[in-house]
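Protein chains in written order, with our numbering: chain A, 191 to 584; chain B, 191 to 584; chain C, 191 to 584; chain D, 191 to 584.
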């Protein structure tokens, strides 16, 4: 038995990690750092934490980085680190979206693995260029669609695959928030500022920031491919350039003889909702329901039988959940553990690459393809909405 | 203080009630009878409970009706009862949809008040003809969109009216069920049989049976008028003639400077959902959330403050809820009480008519207009879906 | 198939019912009247609704009673009604506790069936005298421990009987309220007034008013008999003469080789609790959990398997629930329906008596024995608490 | 703003940590290691992970420890590490209870800070000896009553302190589990084995393992001191030497003019309960309710107002929660984050000691006194139960 319950592979030297973005005031940078630390598989050794030199330096100090390896320019970091014998093996990119491509490029071209926040990029062109780069690079590209790291999401996916709910008919996704109910971007919120700015975020507001998560989750669990969608996007807050609410109808490609349908709702203006990500999948033989608010539970209804509450590490949970589980049932795991599971999977893939062996078949992480799908989803939403909700193929 | 808590008006003789439909094997007829009994305002004295004479007779006997007033033909009942000095004052019509119009006509033309199950009729033509009849009749017409009878639904409506959530931006409605997941209409379920038969139900399947309820509820609480919708309807079960799932995007008419949007999902093929009616309304200043599963609770979030749980008869519940409440907080009321509240309101209106006085301003019940809206909703859903989800004005 | 779903017996003339207590301002009287009306098995024809003549008269008028059959003295009512050929067959006693015995006596001695609110009486002596009366009377005595009327409580009892959870080890009961958190009895609350007055309520405050309900429920479902208890009672509100909070440890008599233990908590001073009745029963093979807040659900865990949510009228619910169910699954039933089920069971027993036939074996209602158990429970609590929580046999 | 949201103090060199216990097959050792890693404040550099040399060695290798610093004897580790200039500054003791004292002694006497799992020791004598050692040592002693690390538990404590619920009247604690429903200790479960063995666990079974947690939580939040208790302990599983279920009535010392009462239920034989720790505290002005199942929520009812749902990092949560929070509201944190908060507080205290400065006043962690209280609680439970539930002073 491995010591760290199911999460420990045979101990190797930690992966040397750098970070682009994530200086003072950032939210997601801190999340990546914790996720990288939880299982001890990574060690943060370098950073271009800010493009403002003073801030980059201060942030590096605060994180205990060697001042020599604290950069204010990610390109310089890529060059210098790739020259060191103890240089970083992987980099986490946690900047606003418009920087993802340029940063990823520098590292991929130098064979440094990239763990990149979503959405992939701020433009489709960048996304396509990045895809081309990834395809010809030996380095790995991991996108942090972190919700796929939740054990009960893994469990749901495995159950759909195994036929527990029969052929899928319906995929209902939602991700409501309320933090942009008012025009906080005008009163100095840095998070709100870049997320509502097309130049930094891209064409999608709520669709890009959270709709992509919900869509990724729906596909991940259902195993379906989207065919076309019809979307109605709004910017309810006056003067806001990007959508803050989206209603989307979906038609998936036929599978198992059924052409499934879906609904996706994402919103940043729904008071009372914090991060209300929810997924419900219904098939010919049963239904599955999961919500981030109670992430350790999965509701499963075999049609005609009582609903069952499957719990992480409890009765009814299988190996797909177990391999990303750290604590016994009834001791709740949360967002950071789910995020850490993406890092754990990345570590397994990177260690396999380091050792020149094939990665285990059960390692799952979101890839450049998932990133492209998210970009095409946002693009289709925007196109459809501009065409008054016409169906748009993705 | 009235004896029956808030629900008692000064006691008058009970209203003499007849019933069309509702014989053995029916579900909704029994519900209407209980609803009529709970507050003692009605007395069932006549019935055309079935068009099959033997069954009509047996059903009448079982309900303790005078055999002389047990009919197998609703027209005969209308004629005979209108001739009696102790004839029925009101009739409940609880047949499959395609009979609503013909039955209602006979009673309305004879000045007998009609309490009719929804949807209004099976065809738009019938609906329009019925509307014309109601307009020229002195008799009242009450449609049992029963969910508007729930105290916390009344509370929600009052709070929206009072501005508790500001200008409404979003109205999210859903009503998932699972009982038609398989083709039970082919294996002898009487309920499934007529509900999936266009000749008896009309053009809408799930849209007519439950979608109209969700739509009515959304309008009732939000106070908004629908402008147009885009719908994607499915009949997932092979050979089913009517929709068993509908995805609908909505655009409401502008109010308070906002053009609100909505999503409506109704389904009869979502395993694990019994009668999962849910309404969420979000505005510029707050949100309200209600579900039939927990009908005694209303979640209210003033934006920027903690969510509050308003309970029926508890702190935070106001007069709109109190006047349709029978028991103290913490003693749950349910579907039958909500349904009875429609009957109670009908009784108040009928008693006012009986006494030639104006009905109290706070009496609320669904009318022929609500019925027409439901018919137009179903029609628009069907038209939009036929046009590949194009926006259709209602 | 019976018309009123499972709840209709072959229609007979309604049972002629009288009522003692329940005039203006009462809570439980109105509840009894609704419960008696829901299934149409009773007709209220006489009342001694108040001992104040004017109030009795006004209350009778408001309920539409014949003024001749509106009494201000229950003894007079018993005499006069027993002399009429159309006199009452049954009487509902809904006064404060200290009147139960005297009133019940008058009717039982004249062969009139008694449906009595709980607790049985205000003193043990009265209770014993009443028990003796019931034993020698031909009339029936039904105690409205109404929570045993909930379908999922019936379901739970049936499952325990069938061995679904093995031998019972633990019975955890609680009934917290908050309405007596402050000294409302001093500011004119009539309900609070008599319930905190030993002369009207008896020796128990929270123990008598709600503790008896929780205890009755625990015994009803578990099938166990209490052996002894240790109690710690408090009157947290200054000047209150009766307990407003009770902590009770219980030891049941051995059954199936196990001597089960229990905890009971009842409180009227727990802010945030309305009528939080809850029961949890655990055995060697599984557990059952039910709460009045969600009365249509029963949680069942077969040990080592996922929790299952059994719903009223849904998959997993058996005949014990079905026979006291009126609406389909997902349409919540509540407190009044549960209460009405006691009246329905009483009607079946009274009709059997009327017809001189044996009552069906599946008819269940709380009896004088249950009432005695409740009295002995209160007495034991009070005795134990006076002896500093010593174990007291019941 | 600190980079790691509120959790980062100015970065210092990580604290060099050793571990006693926690080899292969252990549960709590892995939890301690993750907790120590999450915020990057500790670095595990040495271990006596097992007393079996081969297992100790293998475990050390797997964790990436220097083989020179992998010991099979904690005494040897204490001696050798205290001689190194880079020796451990702190040690985590995660063995079965009976080893806590002997291990802690070796490190405390050498000035090495101790972070020890609970309960404190296996005997009262050991506990008293340990207390004496701690009092005369310069090293810190931190007990991992980890549930006090949950942000909403901190929030609850702060609210009680600030008077949000007035004077406390009731403290209701429970911690049900089901994993010992059957005699798994006889079929090779290592966890079950030592936890049901008096020689390794001490006098308390469920009382020691989980009852101490519930009791600690109740005192932590309520701010009350226990005066006396009456307990009824059971070993429901045949042949089990220690209690697997406990019912406890409590009387607290007077505070704010009120002598509060409490109930505590802990169980390892309640099927359907995983780690169902729950706390409810009621006072003269309101109530607070928290459960580990939904650790990011705190229910707060100001008496006479609607219940409010306070969420971690959401509206209504104050600084006491914020300082132990890592992610935005709606992104659930769990057990590991709560545990890590104890380590974070320990780090702050150790760093203060390292720098010779006073620790910040807002640093909170469980101490030797909390450990003694837990021991006295278990002892009182056992004594009371032996005396047939008599009240025993603690």
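The beta carbon of each residue, even a glycine, is placed where N, CA and C say it ideally should be.
Under 7 Å between C-beta atoms of residue i and residue j
i, j, result
"residue 444 of chain D", "residue 581 of chain D", "no"
"residue 491 of chain C", "residue 504 of chain C", "no"
"residue 522 of chain C", "residue 486 of chain C", "yes"
"residue 317 of chain C", "residue 304 of chain C", "no"
"residue 437 of chain A", "residue 453 of chain B", "yes"
"residue 219 of chain C", "residue 240 of chain C", "no"
"residue 439 of chain A", "residue 422 of chain B", "yes"
"residue 574 of chain C", "residue 420 of chain C", "yes"
"residue 560 of chain D", "residue 406 of chain D", "yes"
"residue 394 of chain C", "residue 363 of chain C", "no"
"residue 217 of chain D", "residue 371 of chain C", "no"
"residue 346 of chain D", "residue 488 of chain D", "yes"
"residue 238 of chain A", "residue 267 of chain A", "yes"
"residue 583 of chain D", "residue 424 of chain C", "no"
"residue 319 of chain A", "residue 222 of chain A", "no"
Option nearest residue i by Cα separation, candidates the options
i, options, result
"residue 365 of chain D", "D:495, D:201 and D:467", "D:467"
"residue 308 of chain C", "C:302, C:328 and C:332", "C:332"
"residue 512 of chain C", "C:342, C:218, C:573 and C:328", "C:342"
"residue 568 of chain A", "A:252, A:397 and A:265", "A:397"
"residue 456 of chain C", "C:433, C:579 and C:301", "C:433"
"residue 209 of chain A", "A:337, A:253, A:244 and A:202", "A:253"
"residue 401 of chain C", "C:579, C:570 and C:283", "C:570"
Limits of the beta strand (DSSP E) - the one that residue i falls within
i, result
"residue 549 of chain B", "Segment: none, residue 549 of chain B is in no beta strand (DSSP E) and carries neither H nor E."
"residue 435 of chain D", "435 to 442"
"residue 457 of chain D", "451 to 457"
"residue 238 of chain B", "232 to 238"
"residue 516 of chain B", "Per DSSP, residue 516 of chain B belongs to no beta strand (DSSP E) and is neither H nor E."
Exposure label - residue i; buried when at least 16 CB within 10 Å
i, result
"residue 325 of chain B", "exposed"
"residue 496 of chain A", "buried"
"residue 470 of chain B", "buried"
"residue 271 of chain A", "buried"
"residue 198 of chain D", "Bear in mind that a pLDDT of 45 at residue 198 of chain D, under 50, signals an unreliable position, so the number given afterwards is only what the model happens to contain. The residue in question, residue 198 of chain D, is buried, as its Cβ has 16 or more Cβ neighbours within 10 Å."
"residue 564 of chain C", "buried"
"residue 251 of chain D", "exposed"
"residue 301 of chain A", "exposed"
Residue span of the alpha helix (DSSP H) that contains residue i, given as start and end
i, result
"residue 318 of chain D", "314 to 326"
"residue 351 of chain D", "341 to 351"
"residue 405 of chain C", "402 to 412"
"residue 372 of chain D", "It is not in any alpha helix (DSSP H) - residue 372 of chain D carries neither H nor E in the DSSP assignment."
"residue 221 of chain D", "218 to 228"
Flag this pair as touching only if the segment 280 to 300 of chain D and the segment 385 to 403 of chain D have three or more C-beta atom pairs under 8 Å; answer yes or no. yes
May I ask you to verify whether the segment 538 to 552 of chain A touches the segment 536 to 548 of chain D, counting CB pairs closer than 8 Å and requiring at least 3? no
Inter-stretch contact (C-beta, 8 Å, three-pair minimum) for the segment 218 to 234 of chain A and the segment 523 to 531 of chain A: yes
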